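Q: One structure, pasted below without further comment.
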Amino acid sequence: MTNTAPTTKAPIPDPARAQPRILRVLVASQILSGAGLAAGVTVGALLAQDMLGSTSLAGLPSALFTAGSALAAIAVGRISQARGRRPGLAAGYLTGAIGSAGVIASAVLDNPVLLFIALFVYGAGTATNLQARYAGADLAAPGHRARAVSTVLVATTLGGVAGPNLAAPTGHLAETLGLPDLAGPFILSGAAYALAALVLALWLRPDPLLLARTLAETKTIEAASGSATADAGDARDGRGDVVLGALVMILTQLVMVAVMTMTPVHMHDHGHGTATSGLVIAIHIGAMYLPSPLTGWLVDRYGRMKIAAASGLTLLAAGILAAAAPGDSVALLALALALLGLGWNFGLVSGTAIITDTVPLATRARTQGMVDVSIAIAGATGGMASGIMVAATSYPALALTGGILSLALLPAVAATAYRR
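Going by our numbering, 297 is the number at position 293 of the sequence shown; the sequence numbering is gapless.
Dropping the structure here:
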């Protein structure tokens, strides 16, 4: 005689109850990863300039870790598509920690080749930091997606503002340990990325993307049986919207990275120290993330297109101010970099909301990863071109060119709105 035990399925978690917990875990990981990201941005260009003795290649570190982030975006997107957000994001941050260790080793050995390889690997942290915003929107209601994205983004502010201001103290720590002072911020970034990976691996449960898929499948089955109505909110053909969302984020990333990368070098050339340039970059990174709750509300309230257009105008104002500011004016450069960060924030939140609204769950993580590859390539291009352009012309010429280029968003937004 055979015993047949009844099969029971585990209850599906309530997304309304799971979402706050998921956001709390993402916020904790973003605070840590923000410190890791900002620390490297602050001294990466200076470390390369110190090793190579050339300003023309000072933009190469930014280009390398943004290029590395392109490869990481593909990997994180594919892992997330196959296994969920938790393993994808944790693996990305762990890779960033390994890259940080490589940068420290290159500084000790004074080896530029190892530096460039390590910076490429370090870029995984940047890609993962950005990909985490999508996890915040997986379970959010359509009318609250931009606000969910903004909650994750704003969490980066604390670490992002603290990271650059810790450049000098971590430099002293590095010297105490017998390491070059410019390696100090990468000690911070390595520890921060490793802790972010640990937080996600242990506590990002339930996995938001996997739960969202389960809920969507359940709705489909119930709709087929006549007991529920399928949610067709993401079923419309929005290929034009995908292109616009990607373009908004690509162009804002290109302009932001180019101007941001060369600002510490520009300030250094005018006699400002690491602490001063770190303060300006901290203000910039704060402006990149701190306005996110307001931006998310504006995007949900007034629409994705209007805020996307606002990002182009804000970046133009940033470029004009950075070009006109005297090299010895910390206040004006800080204001210009704050506007640069705000314009980027407008573009990222509105562009992310456009992509998340349009792409179906079945291909969402993979598509988001590919979009972020394009964003990373744009950042790499901006980082590389910025040093070359400043060496050939000047920092004001770079800033003004970036501001003018950002105006291309306006006709793109208008064309997409007209097709609707």
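Quick reminder that beta carbons are idealized off the backbone N, C-alpha and C, glycines included.
All of these numbers come straight from a predicted model, not from anything done at the bench.
For V158 and Y293, what's the separation of their Cα atoms in angstroms?
A: The residue labelled residue 158 in the question sits at position 154 within the sequence shown. The residue labelled residue 293 in the question sits at position 289 within the sequence shown. One C-alpha to the other measures close to 5 Å.
Q: From T256, H274, D142, V261, pick the residue whose C-alpha is nearest to that of I285; which is it?
A: Working through the sequence shown from its first residue, we reach residue 285 at position 281. The shortest Cα separation from I285 among T256, H274, D142, V261 belongs to V261.
Q: Are the region 84-104 and the region 199-217 in contact at 8 Å, needing three or more beta carbon pairs?
A: yes
Q: Starting from the Cα of A39, find the closest Cα among P415, I289, L119, L183 and give me that residue.
A: Counting from 1 along the sequence shown, the entry for residue 39 is found at position 35. For A39, the nearest C-alpha among the options comes from I289.
Q: Quick one: grab the DSSP three-state call for T397.
A: Residue mapping note: residue 397 aligns to position 393 of the sequence shown, counting from 1. T397 falls in the coil class under three-state DSSP.
Q: In chain order, what residues of the same chain lie with their CB nearer than 8 Å to the CB of V353, ignoring the 5 residues before and after it?
A: One-based indexing of the sequence shown puts residue 353 at position 349. A150, V153, S154, L157, S296, T299, G300, V303, I311.
Q: Identify, in the order they occur along the chain, each residue of the same chain with its Cβ nearer than 6 Å to the Cβ of A314, setting aside the five sequence neighbours on each side.
A: Walking along the sequence shown from the start, residue 314 turns up at place 310. Contacts found: F350.
Q: What is the DSSP secondary structure of S333, reduced to helix, strand or coil?
A: In the sequence shown, the residue the question calls residue 333 occupies position 329. In the structure shown, S333 sits in coil (DSSP, three-state: anything other than H, G, I, E or B).
Q: Is DSSP giving I16 helix, strand or coil here?
A: Looking up residue 16 in the sequence shown gives position 12. I16 falls in the coil class under three-state DSSP.
Q: Could you name the residues of the same chain whose beta carbon sits closer than 6 Å to that of M271, not counting the 5 residues immediately before and after it, in chain order?
A: As a working mapping, residue 271 is identified with position 267 in the sequence shown. Same-chain partners within the cutoff: S281.
Q: Grouping DSSP H, G and I as helix and E and B as strand, with all else coil, what is G211?
A: As a first step, residue 211 must be located in the sequence shown, where it is residue number 207. Checking the displayed sequence, the identity of residue 211 turns out to be Asp instead of Gly. In the structure shown, D211 sits in coil (DSSP, three-state: anything other than H, G, I, E or B).
Q: Have a look at H176, L199, P15, N169 and flag the residue whose alpha-carbon is nearest the alpha-carbon of A32.
A: Indexing the sequence shown from 1 puts residue 32 at position 28. Nearest C-alpha to A32: L199.
Q: Near M55, what residues of its chain come up, given a Cβ to Cβ distance below 7 Å and the 5 sequence neighbours on each side ignored?
A: Position 51 of the sequence shown, counted from the first residue, corresponds to residue 55. Same-chain partners within the cutoff: D114, P116, L119.
Q: Going by alpha carbons, who is nearest to A101 out of A171, S73, A201, L177?
A: Counted from its first residue, the sequence shown places residue 101 at position 97. That would be A201, whose Cα lies nearest to the Cα of A101.
Q: If you drop the 5 nearest sequence neighbours on each side, which residues of the same chain put their C-beta closer than 8 Å to that of A9?
A: The sequence position of residue 9 within the sequence shown is 5, counting from 1. Only weak support exists for where A9 lies, its pLDDT of 48 falling under 50; the coordinates are left without a value.
Q: Do the CB positions of A76 and T132 come within less than 8 Å of each other?
A: Position 72 of the sequence shown, counted from the start, is the residue given in the question as residue 76. Position 128 of the sequence shown, counted from the start, is the residue given in the question as residue 132. In contact: A76 and T132 (Cβ atoms closer than 8 Å).
Q: Mapping the DSSP letters down to three states, classify N115 as helix, strand or coil.
A: Counting from one through the sequence shown, the residue named residue 115 turns up at place 111. Correct three-state label for N115: coil.
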